[in-house]
Amino acid sequence: MKYENGKDIFPQQLLKQIQKYAAGKLVYIPAEESRKVWGEKTGSRKLLLKRNYDIRLKFRNGVTIEQLADEYCLSYETVKKIVYYNLSES
Numbered sequence: 445m446k447y448e449n450g451k452d453i454f455p456q457q458l459l460k461q462i463q464k465y466a467a468g469k470l471v472y473i474p475a476e477e478s479r480k481v482w483g484e485k486t487g488s489r490k491l492l493l494k495r496n497y498d499i500r501l502k503f504r505n506g507v508t509i510e511q512l513a514d515e516y517c518l519s520y521e522t523v524k525k526i527v528y529y530n531l532s533e534s
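In our numbering, the protein residues as written are 445 to 534.
What follows is the structure in structure tokens.
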């Protein structure tokens with residue numbers, strides 16, 4: 445993010461209003477666009493959802509938590525959370 449001088453980008457009237465509240469302070473002005481959900485931009489979210497779905501499916505088909513932990517390089521506790529979290533909804 446590049447530093448901009450308020451004198452160069454704001455109209456005089458608006459600059460005077462801003463100075464009443466934040467004179468001499470560094471202020472971040474966020475963009476209007478809405479933020480994306482974590483992992484939405486890179487596809488990470490979809491990959492993790494697919495992985496977790498596959499883990500639940502294998503668990504239902506008899507693969508043990510220990511085997512799944514080894515296969516996916518996850519801890520026993522992490523796999524346990526995946527297979528028992530909303531098990532009925534998956």
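Where is the CB? At the ideal position from N, CA and C, for every residue including glycine.
In this structure, the alpha-carbon of Q457 lies about 17 Å from that of G468. Taking a contact to require three or more Cβ pairs closer than 8 Å, the stretch 487-505 and the stretch 519-530 qualify as touching. In the structure shown, the three-state DSSP call for E477 is coil. Around the beta carbon of L512, 16 or more other beta carbons sit within 10 angstroms, so the residue counts as buried. V481 counts as exposed, since fewer than 16 other C-beta atoms from the protein chains shown sit within 10 angstroms of its C-beta.
Rounded to the nearest whole angstrom, the C-alpha separation of K494 and D452 is 48 Å.
In the three-state reduction of the DSSP assignment, S519 falls in the coil class. Shown here, K460 sits in a helix according to DSSP, grouped into three states.
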